[in-house]
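Visitor:
Number of protein chains: 2
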Amino acid sequence: MPDDAAEDNLGLLLFIPYRFLESAVLAALKSHGHDIPLNQARVFQRIAPGGSRLAELAEAAQISKQTLGSIVDQLERTGYVRRVPDPHDARARLVTVTAKGRELVELSIPVIRRIEAAWEAHLGRDRTRELRQSLAALREITDPYAKP
Amino acid sequence: MPDDAAEDNLGLLLFIPYRFLESAVLAALKSHGHDIPLNQARVFQRIAPGGSRLAELAEAAQISKQTLGSIVDQLERTGYVRRVPDPHDARARLVTVTAKGRELVELSIPVIRRIEAAWEAHLGRDRTRELRQSLAALREITDPYAKP
DNA sequence: CCACGATAGTCCGATATTCGGACGACATTA
DNA sequence: TAATGTCGTCCGAATATCGGACTATCGTGG
Chain A
1 MPDDAAEDNL GLLLFIPYRF LESAVLAALK SHGHDIPLNQ ARVFQRIAPG GSRLAELAEA
61 AQISKQTLGS IVDQLERTGY VRRVPDPHDA RARLVTVTAK GRELVELSIP VIRRIEAAWE
121 AHLGRDRTRE LRQSLAALRE ITDPYAKP
Chain B
149 MPDDAAEDNL GLLLFIPYRF LESAVLAALK SHGHDIPLNQ ARVFQRIAPG GSRLAELAEA
209 AQISKQTLGS IVDQLERTGY VRRVPDPHDA RARLVTVTAK GRELVELSIP VIRRIEAAWE
269 AHLGRDRTRE LRQSLAALRE ITDPYAKP
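Chains as they are written, first to last, in our numbering: chain A, 1 to 148; chain B, 149 to 296.
1. List the endpoints of the continuous beta strand (DSSP E) containing Ala189(B).
2. Counting only C-beta atoms, is Thr290(B) closer than 8 Å to chain A at any point?
3. With C-beta atoms as the reference, is Ala24(A) less than 8 Å away from Arg46(A)?
4. Taking DSSP as the reference, what is the three-state secondary structure of Thr96(A)?
5. Tell me where the beta strand (DSSP E) around Pro233(B) begins and ends.
6. Determine, for Ser212(B), whether the minimum Cβ-Cβ distance to residues of chain A falls below 8 Å.
7. Can you tell me whether DSSP reads Ser64(A) as helix, strand or coil?
8. If you measure from the beta carbon of His32(A) to each beta carbon in chain B, is any gap under 8 Å?
9. Could you tell me which residues DSSP pairs with Asp89(A) in its beta bridges?
10. Smallest Cα separation from Asp35(A): which of Asp89(A), Asp86(A), Leu107(A)?
11. Which residues, in order along the region 87-100 of chain A, keep a beta-carbon less than 8 Å from a beta-carbon of chain B?
12. Relative to chain B, which residues along the region 104-117 of chain A have a C-beta separation below 7 Å, given in chain order?
13. What's the C-alpha gap between Arg91(A) and Val84(A)?
14. On a CA-only basis, which of Leu38(A), Thr98(A), Ser134(A), Asp86(A) is nearest Ile71(A)? Give me that one, please.
15. In chain A, what lies closer than 9 Å to Glu278(B) by C-beta?
16. Sorted by chain position, which residues of the same chain lie with C-beta nearer than 8 Å to Leu94(A)'s C-beta, five sequence neighbours on each side aside?
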């Protein structure tokens with residue numbers, strides 16, 4: 001790295017396992033016939049259980065509304081999500097996960113669990129728990145969209 | 149999230165602070181007149197002190213050689229990096245950081261430090277140290293390109 | 001209750017990004 | 001030296017992304 005001082009910086013250390021997990025999930029989905037591009041996956045992952053608004057997803061993913069719109073178009077064309085009217089706001093439409101989309105979720109869960117188990121085997125139970133707690137604490141001050 | 153079981157999954161927990169840090173650094177650079185796009189920054193960040201090969205960077209960033217080539221073109225056009233012949237292999241060229249590029253690094257360091265300090269203030273010294281150690285340990289099993 | 005600014009999503013067109021395939025130059029091995 | 005693999009680049013097509021503008025709807029102050 002050019003940034004030797006940033007060599008052991010937390011940024012990269014956070015990113016490496018993140019990408020590892022992400023790649024593993026995508027590979028698993030692909031092996032089951034679901035070939036989801038990364039950008040679509042990143043959006044899909046953030047859809048709330050009851051559906052999410054477009055602008056909301058765009059802000060979370062830090063991309064423009066138009067870009068997000070086209071990504072949702074693709075997810076809709078391939079049947080993973082659907083746009084439904086928002087009962088509370090006639091302007092808005094909620095992006096919701098279809099049954100086929102839920103399949104993706106179901107397939108991902110065991111993959112994630114397996115990797116987390118491998119990590120726990122490497123770190124030990126206590127340190128894993130600590131890690132999760134610390135990251136959750138960090139979220140409080142780094143997630144502009146923290147949940148209530 | 150649709151993946152409720154993945155709700156408190158480590159993936160997202162890792163990503164959130166990572167992106168926070170990344171955004172902060174990019175914003176700081178921008179405020180100093182260096183407007184670096186995200187894709188360029190992600191590549192730049194991985195250039196080794198003595199220079200890195202193109203294919204090496206491409207694999208680390210998980211993008212094609214051609215794509216990486218065009219990103220390096222841009223970084224070179226804006227003067228942050230330079231391609232120099234690899235003394236050990238006449239086929240290869242090393243992507244190296246210029247003086248102007250080093251400026252980016254120098255500007256980033258205090259930003260990173262400041263954020264890490266804020267995190268430490270939130271987590272406490274011990275938990276921060278533990279966090280860093282755990283992440284480093286995780287790197288051993290998640291980074292295909294770990295350093296010796 | 002109703003104008004009026006703000007907001008949600010979409011359409012359009014221009015630009016940028018990314019990739020697959022193929023290529024010459026060089027390295028490595030036999 | 002010949003054969004094979006690797007390194008980076010060029011080309012062209014497909015895709016992604018964005019800025020700007022537009023319609024429909026909301027919510028609020030008068």
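C-beta atoms are modelled at their ideal positions from N, C-alpha and C, and glycine is treated no differently.
Guide: According to the structure shown:
1. Here residue 189(B) corresponds to residue number 41 of the second sequence, with the count starting at 1. Careful: Ala189(B) lies outside any beta strand (DSSP E), inside the alpha helix (DSSP H) at 186-192.
2. Walking along the second sequence from the start, residue 290(B) turns up at place 142. So, interface residue.
3. What you label residue 24(A) is simply residue 24 of the first sequence in a count that begins at 1. What you label residue 46(A) is simply residue 46 of the first sequence in a count that begins at 1. The answer is no: Cβ separation not under 8 Å.
4. Your numbering for residue 96(A) matches position 96 in the first sequence. If DSSP states are grouped into helix, strand and coil, Thr96(A) belongs with the strands.
5. Residue mapping note: residue 233(B) aligns to position 85 of the second sequence, counting from 1. Segment 229-234, the beta strand (DSSP E) holding Pro233(B).
6. For the purposes of this step, residue 212(B) is taken as residue 64 along the second sequence, with counting starting at 1. Output row for Ser212(B): interface = no.
7. Here residue 64(A) refers to the residue found at position 64 of the first sequence. Ser64(A) falls in the coil class under three-state DSSP.
8. Walking along the first sequence from the start, residue 32(A) turns up at place 32. No - not a single Cβ of chain B is within 8 Å of the one on His32(A).
9. Along the first sequence, one-based indexing puts residue 89(A) at 89. According to DSSP, Asp89(A) bridges with Asp86(A).
10. By one-based count along the first sequence, residue 35(A) stands at place 35. It is Leu107(A).
11. Val97
12. Val105, Ser108, Ile109, Ile112, Glu116
13. By one-based count along the first sequence, residue 91(A) stands at place 91. By one-based count along the first sequence, residue 84(A) stands at place 84. Cα to Cα, the separation comes out at about 11 Å.
14. Mapped onto the first sequence, residue 71(A) falls at position 71. When only C-alpha atoms are compared, the closest one is Leu38(A).
15. Here residue 278(B) corresponds to residue number 130 of the second sequence, with the count starting at 1. Neighbours of Glu278(B) on chain A, chain order: Arg127, Glu130, Leu131, Ser134.
16. As a working mapping, residue 94(A) is identified with position 94 in the first sequence. Once the five neighbours on either side are set aside, the close Cβ partners of Leu94(A) are Gly50, Gly51, Ser52, Arg53, Arg83, Val84, Pro85, Asp86.
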